[in-house]
Amino acid sequence: MPKKKVIINNSSIVKQTNVELVRKCMRQVHTATRNEIASMTGLSVATSGNILKEMLSRNEVSEYRLEEPNGGRPAHRYEYNKDYIQVACVGIFYEASIKSIWYTVVNSFGETIREESSACETVTYDIVSDVIKSILAQYPSVRSIVVSIPGKSWQESIYICDIEELEGVPLERDLKADYDVRISVEPEIDLITLGYSKSHPELEEKTVVTLLYPKDMYPGAGILIDGKLLRGDHHMAGETSFISGGKPREQALSDLSKIEVLEKSILVTSTAIISIVNPSHIALTGKALPPDIKDRIYEKCRTVIPPVSMPEFEYIPDNFPYYKTGAITMALHNTTSGLQLVSSL
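Take the sequence shown: its position 308, counted from the start at 1, is 308 in my numbering, and no numbers get skipped.
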């Protein structure tokens, strides 16, 4: 016998959830009346109006103008203050023997306020911390920062990374201790995958995989299932560099310099992923890949994968725009509580 559904009702949680719902809508449409917000969110007109008044009192929105009267009192139109909340993204990159740190600061609409990048000989906690300190000193409205790494972080420490000096560094833990903003450390490939999905709205509820093959660095995969990133129990999901045919990981990386080995690696990884998660799209990217790789991999996959299971393949010559979109999306998402009103069985 199925259990009775119980709706857990906590007025403060309900209110916070409703506020974030209105905030999300205002960020999307930029200006709206309380009636329009009610229509978009499903909230009552009265609730929408009360939330907008609260947002007005703290300068999160402003009165844009009065709607032209149409037989009654003119409606108040509100405009969202795009700089009420700002976010930042800090990217740590390493490819073709070049290490660099990039950062951007954006407003609530995802519009770039500042963006800079610089090469560096080494990357340490102090270097990353100095970048964040500088960002917060210049942009005190920043409420969320996403830091990306060419590796994996678990329990707030980096445990696998292409930049050796960062392995074992409790980067997320120490940054959270030093700065009073929301900070998360994310794999670069996950942000590329998230940005790829966000840039193709038809894929947001699909299963999407991105295979990254950087020059002279370990390959990896980002996996998005039903619009959610697959992390794994220890955030190890997508570490395809361990698909090495029994060879030591370091030897497998060295062998990838040979085009025939590279192509076989992509084929083995692709067929394994297709068999396990059945994606609708696989995006191939990274400076180690030749432009014509997509067609060759697709044709070879067709010889072993049934047509019904075959995904579409795409080659992405420049993944940075997707990375940036994914990083900004994650940073803006982190400014919310993540609370949802759900029923429990």
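For each residue, glycine too, the CB sits at the ideal point set by N, CA and C.
Whose C-beta lies closer than 8 angstroms to the C-beta of H333 among residues of the same chain, with five residues either side of it excluded?
-> Taking the sequence shown and counting its residues from 1, one reaches residue 333 at position 333. Same-chain partners within the cutoff: there are none.
Among the residues of its own chain, which have a CB less than 6 angstroms from the CB of Y213, if the five just before and after it don't count?
-> Here residue 213 refers to the residue found at position 213 of the sequence shown. Within the same chain, Y213 has close Cβ partners P219, G286, A288, L289.
From this set, L284, P279, A96, which residue's C-alpha is nearest D307's C-alpha?
-> Translated into the one-based positions of the sequence shown, residue 307 becomes position 307. With the sequence shown as reference, residue 307 is identified as Pro, and Asp is not the correct amino acid for it. Of the candidates L284, P279, A96, the residue whose Cα lies closest to the Cα of P307 is P279.
Could you tell me the boundaries of the beta strand (DSSP E) in which P187 lies?
-> Here residue 187 refers to the residue found at position 187 when the sequence shown is read from its first residue. Looking at the DSSP string, the run of the beta strand (DSSP E) that includes P187 is 182-187.
So, using beta-carbon positions, are I274 and P248 closer together than 8 angstroms?
-> Residue mapping note: residue 274 aligns to position 274 of the sequence shown, counting from 1. Residue mapping note: residue 248 aligns to position 248 of the sequence shown, counting from 1. Cβ distance not < 8 angstroms, so I274 and P248 don't count as in contact.
Just mark E299 as buried or exposed, buried being the case when its beta carbon has 16 or more other beta carbons within 10 Å.
-> Stepping through the sequence shown from its first residue, residue 299 is reached at position 299. Note on E299: under 16 other CB atoms within 10 angstroms of its CB, so exposed under the neighbour-count rule.
Nearest-angstrom Cα separation, counted from S144 out to E116 | The sequence position of residue 116 within the sequence shown is 116, counting from 1. The sequence position of residue 144 within the sequence shown is 144, counting from 1. Whole-angstrom Cα-Cα distance: 18 angstroms.
Pair within 8 angstroms by beta-carbon distance, I266 and I293 = Taking the first residue of the sequence shown as 1, we reach residue 266 at position 266. Taking the first residue of the sequence shown as 1, we reach residue 293 at position 293. One thing to note: I266 has its Cβ within 8 angstroms of the Cβ of I293.
8 angstroms CB neighbourhood of K347 in its chain, flanking five on each side removed = Only positions 1 to 345 of the chain appear in the structure, and residue 347 is not among them; the question remains open.
Does DSSP put H333 in a helix, a strand or coil?
-> Locating residue 333 in the sequence shown gives position 333, counting from the first residue. In the three-state DSSP reduction, H333 falls in the helix class (H, G or I).
Nearest to V87 (by Cα), restricted to the options V142, I163, S48 = In the sequence shown, residue 87 corresponds to position 87, counting from 1. The option with the nearest alpha carbon to V87 is V142.
Unbroken stretches of the alpha helix (DSSP H), 4 residues or longer, contained in the segment 180-255 | Segments of the alpha helix (DSSP H) lying fully in the segment 180-255: 188-198, 249-255.
Three-way DSSP call (helix, strand, coil) for V142 in this model = For the purposes of this step, residue 142 is taken as the residue at position 142 of the sequence shown. Note: V142 maps to strand in three-state DSSP.
Taking the alpha-carbon positions, what's the A327 to C120 distance?
-> Position 327 of the sequence shown, counted from the start, is the residue given in the question as residue 327. Position 120 of the sequence shown, counted from the start, is the residue given in the question as residue 120. Annotation: A327 to C120 spans about 21 angstroms, alpha carbon to alpha carbon.
Going by other Cβ atoms of all chains shown within 10 Å of its Cβ, with 16 needed for buried, is M1 buried or exposed?
-> Against the sequence shown, residue 1 aligns to sequence position 1. Note on M1: pLDDT 35, under 50, position unreliable in the model; no value is reported.
Supposed close pair L56, S48 - CB separation, criterion 8 angstroms | Here residue 56 refers to the residue found at position 56 of the sequence shown. Here residue 48 refers to the residue found at position 48 of the sequence shown. At roughly 12 angstroms, the Cβ-Cβ gap does not stay under 8 angstroms, so L56 and S48 are not in contact.
Just curious, the alpha helix (DSSP H) that E165 is in, first and last residue?
-> Locating residue 165 in the sequence shown gives position 165, counting from the first residue. Note, E165: premise wrong, no alpha helix (DSSP H); not H, not E.
Do the segment 166-179 and the segment 147-155 make contact, defined as three or more Cβ pairs closer than 8 angstroms?
-> Because the criterion of three Cβ pairs below 8 angstroms is met, the segment 166-179 and the segment 147-155 touch.
Per DSSP, F313 is paired with what?
-> In the sequence shown, counting from the first residue as 1, residue 313 sits at position 313. DSSP output for F313 lists I282 as bridge partner(s).
Measure how close the beta-carbons of E205 and D226 come, nearest whole angstrom, since I'm counting them as under 8 angstroms.
-> For the purposes of this step, residue 205 is taken as the residue at position 205 of the sequence shown. For the purposes of this step, residue 226 is taken as the residue at position 226 of the sequence shown. So it is a contact: roughly 6 angstroms between Cβ atoms.
Cβ-based burial, V348 [other Cβ within 10 Å; buried from 16] | Residue 348 is absent from the model: the chain starts at 1 and stops at 345.
Whose C-alpha, out of T112, S157, K324, is nearest the C-alpha of H234?
-> Position 234 of the sequence shown, counted from the start, is the residue given in the question as residue 234. Closest option to H234, Cα to Cα, is S157.
Secondary structure at G326, three-state DSSP: helix, strand or coil?
-> Your numbering for residue 326 matches position 326 in the sequence shown. In the structure shown, G326 sits in a helix (DSSP, three-state: H, G or I).
State the Cα-Cα distance for the pair Y139 and D180, rounded to the nearest angstrom.
-> To locate residue 139, count along the sequence shown from 1; it is residue 139. To locate residue 180, count along the sequence shown from 1; it is residue 180. The C-alpha of D180 is placed about 13 angstroms away from the C-alpha of Y139.
Helix, strand or coil for I101 per DSSP?
-> Position 101 of the sequence shown, counted from the first residue, corresponds to residue 101. Correct three-state label for I101: strand.
Contact set for I85: own chain, Cβ-Cβ below 6 angstroms, skip 5 residues either direction | For the purposes of this step, residue 85 is taken as residue 85 along the sequence shown, with counting starting at 1. S108, R143, T335.
Contiguous alpha helix (DSSP H) assignments of at least 4 residues, all confined to the segment 15-70 | With a minimum length of 4 residues, the continuous alpha helix (DSSP H) runs that stay inside the segment 15-70 are 34-41, 45-57.
Which one of G168, N50, C25 has the shortest CA to CA distance from T41?
-> The sequence position of residue 41 within the sequence shown is 41, counting from 1. Selection G168, N50, C25 evaluated against T41 yields C25 as nearest (Cα-Cα).
Taking the continuous alpha helix (DSSP H) assigned at V277, which residues delimit it?
-> Within the sequence shown, numbered from 1, the residue matching residue 277 stands at position 277. Run containing V277: 259-277, per the alpha helix (DSSP H) assignment.
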